[in-house]
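Asks: Below you'll find the structure I mean.
Written out as structure tokens, the structure is:
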């Protein structure tokens, strides 16, 4: 039996570099493999109680509403603390491949789930040993798809559709209901539920219900939920001088410690057709970017004309976008967005 019986997810202080991605979600809800860090905790310590603490009451309420089995922390002693320091974007991206591989054998239930996945007969090609390819019976893979598992496993979840002329390289996880069209996706990548992906993607994390459905390159980047990246929009993930990439977030410079790092794009942001994102660009929550080239930091709710996105218009548009995927914006999430707007725009 594990000695870890009480775990605290401590989110009272979010470090620069992670803020744009945690406006409405916990760092523990960022899927950096098959599982999120929160799901991984539950699998590793199934008998442990998990507690949560955040400095913003509205955020705390929204998190606990999504995760009803998690308890509010009221000063109880704990055996393990999960804090944001180890989950900065560049650390998540670097560790995604390892997380995917570890998640396969993490616990009994996950192993049972993986064993149910069968490689269906068809005209797609597997490079490497087929035992490293796990395809849910409800997934559809068209002829002309090439899947390379020589460097790591590829997991294709339920109701995924992968069309012809797509190349997939492991380690890779593709979440439920995602659609992959004429894409080249290289190892160390996680694609979230309901995403639409085309073009080239490498060593990136794309969270649920985001679209990059056209040509263009996305590399070493972390993309939030409900993001839309227009046709031919491209990230740079390597400086011309091969220098270490530094990013800027809310006036604070962060050293990624890596020469390969692309962009961070927060939830509900839109990147226009043909936009070039400089190495280390950070687009915060709810932005609409149409400039031909951007870099540095774009604050939350930035609109095309330099004025902030009007809050009521943002909420209206967000509900319309979510409805297309049969999803709804909860009242607690809407309240949290209002608090963010009041703090960052009307301060």
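In this note's numbering, the protein residues as written are 113 to 459.
By construction, the Cβ of each residue, glycine as well, lies at the ideal position given by its N, Cα and C atoms.
Here the structure is a predicted model, which means the values were calculated and not measured.
#1: So the candidates are 407, 447, 215 and 177; which of them puts its Cα closest to the Cα of residue 149?
#2: For residue 421, which beta-bridge partners are listed by DSSP?
#3: Can you check whether the CB of residue 259 is closer than 9 Å to the CB of residue 282?
#4: Decide if residue 123 is buried, meaning its Cβ has at least 16 other Cβ atoms within 10 Å, or exposed.
#5: With a floor of 3 residues, list each beta strand (DSSP E) that falls wholly inside the region 345-377, ordered by position along the chain.
#6: For residue 368 and residue 384, I'd like the C-alpha separation in whole angstroms.
#7: Got a sec, what are the start and stop residues for the alpha helix (DSSP H) residue 215 sits in?
#8: Which whole runs of the beta strand (DSSP E) in the region 117-182 are 3 residues long or more, in chain order?
#9: What does residue 247 pair with, by DSSP beta-bridge criteria?
#10: To the nearest angstrom, how far is it from the Cα of residue 300 to the Cα of residue 432?
#11: Which whole-angstrom value describes the C-beta separation of residue 205 and residue 334, a residue pair presumed to lie in contact below a C-beta threshold of 8 Å?
#12: Hey, residue 272 and residue 297 are a contact pair by Cβ (cut 8 Å); roughly how many whole angstroms apart?
#13: Kindly confirm or deny that the region 184-192 and the region 154-170 touch, where touching means at least three C-beta pairs closer than 8 Å.
#14: With a threshold of 6 Å on Cβ separation, who are the neighbours of residue 405 within its own chain once the five nearest residues in sequence on each side are excluded?
#15: In chain order, what residues of the same chain have a beta carbon less than 6 Å from the beta carbon of residue 451, not counting five sequence neighbours either side?
#16: Between the region 391-404 and the region 370-378, are three or more C-beta pairs nearer than 8 Å?
#17: So what's residue 262 in DSSP terms, helix, strand or just coil?
#18: Please report the distance separating the alpha-carbon of residue 316 from that of residue 116.
#19: What runs of the beta strand (DSSP E), each 3 residues or longer, lie entirely inside the region 316-342?
#20: Using a 10 Å radius around the Cβ and a threshold of 16 neighbouring Cβ atoms, would you call residue 113 buried or exposed?
Replies: So, from the listed chains and residues:
#1: Start at 1 with the first residue of the chain shown, and residue 149 comes out as number 37. Selected option, being the one with the closest Cα: 215.
#2: Counting from 1 along the chain shown, the entry for residue 421 is found at position 309. Partner(s): none; residue 421 has no beta bridge.
#3: For the purposes of this step, residue 282 is taken as the residue at position 170 of the chain shown. For the purposes of this step, residue 259 is taken as the residue at position 147 of the chain shown. Contact: yes.
#4: Looking up residue 123 in the chain shown gives position 11. Buried, because 16 or more other Cβ atoms sit within 10 Å of the Cβ of residue 123.
#5: 358-361 and 364-367
#6: Here residue 368 refers to the residue found at position 256 when the chain shown is read from its first residue. Here residue 384 refers to the residue found at position 272 when the chain shown is read from its first residue. So the two alpha carbons sit approximately 26 Å from each other.
#7: As a first step, residue 215 is located in the chain shown; it is residue number 103 there, counting from the start. For residue 215, the uninterrupted alpha helix (DSSP H) segment begins and ends at 201-216.
#8: 118-123 and 161-166
#9: Position 135 of the chain shown, counted from the first residue, corresponds to residue 247. Its beta-bridge partners are 268.
#10: In the chain shown, the residue the question calls residue 300 occupies position 188. In the chain shown, the residue the question calls residue 432 occupies position 320. Looking at the two C-alpha atoms, the distance is approximately 32 Å.
#11: Position 93 of the chain shown, counted from the start, is the residue given in the question as residue 205. Position 222 of the chain shown, counted from the start, is the residue given in the question as residue 334. With 8 Å as the limit, residue 205 and residue 334 qualify as a contact, their Cβ atoms being about 6 Å apart.
#12: In the chain shown, the residue the question calls residue 272 occupies position 160. In the chain shown, the residue the question calls residue 297 occupies position 185. Rounded, the Cβ-Cβ distance is 12 Å, inconsistent with contact.
#13: yes
#14: Within the chain shown, numbered from 1, the residue matching residue 405 stands at position 293. Closer than 6 Å at the Cβ level, and outside the excluded window around residue 405, lie 388.
#15: As a working mapping, residue 451 is identified with position 339 in the chain shown. So the qualifying residues of the chain are 170.
#16: yes
#17: Here residue 262 refers to the residue found at position 150 when the chain shown is read from its first residue. Reduced to three states, the DSSP call for residue 262 is coil.
#18: Position 204 of the chain shown, counted from the first residue, corresponds to residue 316. Position 4 of the chain shown, counted from the first residue, corresponds to residue 116. A direct Cα-to-Cα measurement between residue 316 and residue 116 gives close to 32 Å.
#19: Inside the region 316-342, DSSP marks whole beta strand (DSSP E) runs of 3 or more residues at positions 329-331, from first to last along the chain.
#20: What you label residue 113 is simply residue 1 of the chain shown in a count that begins at 1. Unreliable placement is indicated for residue 113, whose pLDDT of 45 sits below 50; the coordinate value is still reported in the next sentence. With fewer than 16 other Cβ atoms within 10 Å, it is exposed.
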